[in-house]
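Numbering (full-length UniProt numbering), first residue to last: 1 to 450. Don't be surprised by glycine CBs; every beta carbon is placed ideally from N, CA and C. These numbers were taken from a predicted model, which means no experiment stands behind them. Here is the structure we will look at.
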Amino acid sequence: MSHDTSAMRPRRFLPNGPLRGRIRVPGDKSISHRSIMLGALAVGETKVTGLLEGEDVLATAAAMRAMGATVERTGEGAWSVHGVGVGALLQPQAPLDMGNSGTSTRLLMGLVASHPITATFVGDASLSKRPMGRVITPLSQMGARIEASVSDQGGGRLPLILKGAFPAVPIAYRLPVASAQVKSAVLLAGLNTPGITTVIEPVPTRDHSERMLKGFGAELDVETDQDGTRIITIRGEAELKPQTIDVPGDPSSAAFFIVAALVVEGSEVLIENVGMNATRAGIVTVLRQMGGHIEELNPREVGGEPVADLLVKHSPLTGVTVDPAIVPSMVDEFPVLFVAAALAEGRTVTTGLEELRVKESDRLAVMAQALTLAGARVEETEDGLIIDGTGGAPLAGGAEQPVATHLDHRIAMAMAVAGIASCNGVEVDDTRPIATSFPTFEAMLDGLCG
Ligand code: S3P
Numbered sequence: 001m002s003h004d005t006s007a008m009r010p011r012r013f014l015p016n017g018p019l020r021g022r023i024r025v026p027g028d029k030s031i032s033h034r035s036i037m038l039g040a041l042a043v044g045e046t047k048v049t050g051l052l053e054g055e056d057v058l059a060t061a062a063a064m065r066a067m068g069a070t071v072e073r074t075g076e077g078a079w080s081v082h083g084v085g086v087g088a089l090l091q092p093q094a095p096l097d098m099g100n101s102g103t104s105t106r107l108l109m110g111l112v113a114s115h116p117i118t119a120t121f122v123g124d125a126s127l128s129k130r131p132m133g134r135v136i137t138p139l140s141q142m143g144a145r146i147e148a149s150v151s152d153q154g155g156g157r158l159p160l161i162l163k164g165a166f167p168a169v170p171i172a173y174r175l176p177v178a179s180a181q182v183k184s185a186v187l188l189a190g191l192n193t194p195g196i197t198t199v200i201e202p203v204p205t206r207d208h209s210e211r212m213l214k215g216f217g218a219e220l221d222v223e224t225d226q227d228g229t230r231i232i233t234i235r236g237e238a239e240l241k242p243q244t245i246d247v248p249g250d251p252s253s254a255a256f257f258i259v260a261a262l263v264v265e266g267s268e269v270l271i272e273n274v275g276m277n278a279t280r281a282g283i284v285t286v287l288r289q290m291g292g293h294i295e296e297l298n299p300r301e302v303g304g305e306p307v308a309d310l311l312v313k314h315s316p317l318t319g320v321t322v323d324p325a326i327v328p329s330m331v332d333e334f335p336v337l338f339v340a341a342a343l344a345e346g347r348t349v350t351t352g353l354e355e356l357r358v359k360e361s362d363r364l365a366v367m368a369q370a371l372t373l374a375g376a377r378v379e380e381t382e383d384g385l386i387i388d389g390t391g392g393a394p395l396a397g398g399a400e401q402p403v404a405t406h407l408d409h410r411i412a413m414a415m416a417v418a419g420i421a422s423c424n425g426v427e428v429d430d431t432r433p434i435a436t437s438f439p440t441f442e443a444m445l446d447g448l449c450g
């Protein structure tokens, strides 16, 4: 997306009564990316339904096309992918434009790393500030050659050029940060690497790559140590078999509506088909600890993932101290959790959130500024926020100055929720970034309110 400020689309989100009704949020972003990537590596046709048609996933689709796969939309959320086979990705003829998407970038770097091709990765202003050293290190150990840009914050930024290794060298890599993207980059590189590639994961992160790789027929094993460390092995030179995948609803998108329904008086919302994978469901646990009424109805399995319908009712919330051990299972949900905390009774303390500083924006600094502007009491620490809530009263809102979203979709959506739970509204400087993960967010919010 361009950062042309004249094209920015500001909006003031105003209180508009309770949220009532039933919604279905779009498909899971992580699973959507992976279904296109693995479909592009299987020989034959993979059919995907419920795919998230957000800009980030479309960037992955375009990149896989540029490397030889046929990726076509056949209906709403319905896509067909004809893959080239592991080892047969083609040299892209132009730079791969990753837009705003860290997931596309890091996972595709893994794929290219073990193919005999060279790819240039470029992205928008937000993505070009994000650290890529975390994938450059293991992929270089596997033999890939990477020339990356250096920014004010140090090395390993986009744009970068990656020359794949052929054959790549299998490694055993212990993750220094809890990151599903780094884990997935190494496993995907391992797909076309002779022998066994191992990832050692001391803190569990989302396991969609492991589930889907197995589903496509890769030889992948997971063992868990006594101390909870996961050891994931994948046998390379794999042959993937095409699949039919139904992508469950994204719990990270559902989270905005869960919090909105909890904090706006009189609300009751049924959110259908929400992914409830334990490596993603931390937000539901914490909101329940705060007193939130969230009922899981009709638990079932969709596309190899646990799913439920969530019935959410307005509830008085109480501040909590969030256990840092739960952070990886709700790493994207902190912006909206901070909004819930700002409206709860008492103090919420979060720690262990240093990773939030390297997301689409520095989510600790940006949310501290945004919530303060909306009238909340917030203190920023090195690795978290401390928030003293209103005890259920709406935030004041009404600031002249808009909240700065810094090209971060989750800041825009979290502050939209703050706006509908305020007296005088919250203005967001640019709603365009919402399209990266949830293009229908505003229509869904407007449809439930008023
Ligand atoms: C993702 C992993 C997480 C998450 C991101 C999606 C994935 O990033 O924040 O939105 O699909 O693997 P990290 O790996 O940086 O924690």
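Close beta carbons around residue i, own chain, < 6 Å, minus the five adjacent residues each side
i, result
"Ala261", "Leu19, Ser267, Val269, Val312"
"Val112", "Ala119, Leu162, Gly164"
"Ser35", "Val48, Ile245"
"Phe256", "Val336, Met413, Val417"
"Arg138", "Reading off the sequence shown, one finds Pro at residue 138, where the question assumed Arg. Excluding sequence neighbours, Pro138 sits near Tyr173, Val186."
"Glu55", "Gly99, Ala435, Thr436"
"Asp207", "Thr279"
Distance between residue j and residue i (C-alpha atoms, nearest Å)
i, j, result
"Cys449", "Phe13", "11 Å"
"Gly21", "Gly50", "21 Å"
"Ala165", "Met142", "7 Å"
"residue 513", "Glu379", "Since the displayed the chain opens at 1 and closes at 450, residue 513 lies outside it and no answer follows."
"Val426", "Thr279", "32 Å"
"Gly110", "Ala342", "39 Å"
"Cys423", "Ser151", "41 Å"
"Ala69", "Leu41", "8 Å"
"Ile294", "Val331", "20 Å"
"Val264", "Gly217", "46 Å"
"Gly77", "Ala254", "17 Å"
"Val349", "Glu147", "40 Å"
"Asp124", "Gly195", "36 Å"
"Thr285", "Val259", "13 Å"
"Glu45", "Ile31", "17 Å"
Sub-9 Å separation of residue i and residue j beta-carbons
i, j, result
"Thr193", "Ser114", "yes"
"Gly190", "Gly236", "yes"
"Pro26", "Leu52", "yes"
"Phe334", "Leu371", "no"
"Glu354", "Val43", "no"
"Ala368", "Leu385", "yes"
"Val81", "Met67", "no"
"Pro15", "Gly419", "yes"
"Pro131", "Arg157", "yes"
"Gly346", "Gly389", "yes"
Cβ-based burial, residue i [other Cβ within 10 Å; buried from 16]
i, result
"Gln243", "buried"
"Val186", "buried"
"Lys29", "buried"
"residue 455", "Past the boundaries of the shown model lies residue 455; the chain is included only from 1 to 450, so the question cannot be answered."
"Asp221", "exposed"
"Thr431", "buried"
"Lys183", "buried"
"Asp446", "exposed"
Contacting residues, own chain, Cβ-Cβ under 8 Å from residue i (five flanking each side not counted)
i, result
"Val307", "Pro248, Gly249, Asn273, Val274, Gly275, Met276, Pro299, Arg300, Glu301"
"Thr440", "Pro26"
"Thr229", "Ile200, Glu201, Pro202"
Neighbourhood of residue i by C-beta distance below 7 Å, restricted to the same chain and skipping five residues each side
i, result
"Gln289", "Val320"
"Val327", "Gly352, Leu353"
"His406", "Ser126, Ser361, Val366"
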